[in-house]
Amino acid sequence: MKTLNRQNFPGPQYPTRAIQFGEGNFLRAFIDWQLDLLNEKTDLATGVTIVRPINTVFPPSLNTQDGLY
Numbered sequence: 001m002k003t004l005n006r007q008n009f010p011g012p013q014y015p016t017r018a019i020q021f022g023e024g025n026f027l028r029a030f031i032d033w034q035l036d037l038l039n040e041k042t043d044l045a046t047g048v049t050i051v052r053p054i055n056t057v058f059p060p061s062l063n064t065q066d067g068l069y
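Structure (structure tokens):
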């Protein structure tokens, strides 16, 4: 399986217009999904930057996959 990163993912890259505090499943699976739908169906063109509220080593940083998930 290929590693997810900007080199092998042809999708659009939007400017950051939303800052998300936390990287929990609900935020990524629901809120970010809603933004993704808005990006597809409107001209919102919003990217999300995630801020980790706690410095931990698990789960691995999203930086290893260029912030994609």
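With the UniProt record's numbering, letter number 60 in the sequence shown gets 60, and the count goes up by one each step, no holes. Think of the CB as a built atom: it goes at the ideal place given N, C-alpha and C, for glycine as much as any other residue. Just so it is clear, the structure is predicted and the values come from calculations on it, not from any experiment.
**Straight-line Cα distance separating Asn5 from Ile19** = 20 Å
**Request:** Could you spell out where the alpha helix (DSSP H) holding Gln34 opens and where it closes?
**Result:** Asp32 to Lys41
**Item:** Closest Cα partner of Thr49 within the set Asn63, Met1 and Phe9
**Value:** Asn63
**Request:** Starting from Ile19, follow its DSSP beta bridges and name the residues at the other end.
**Result:** Thr49
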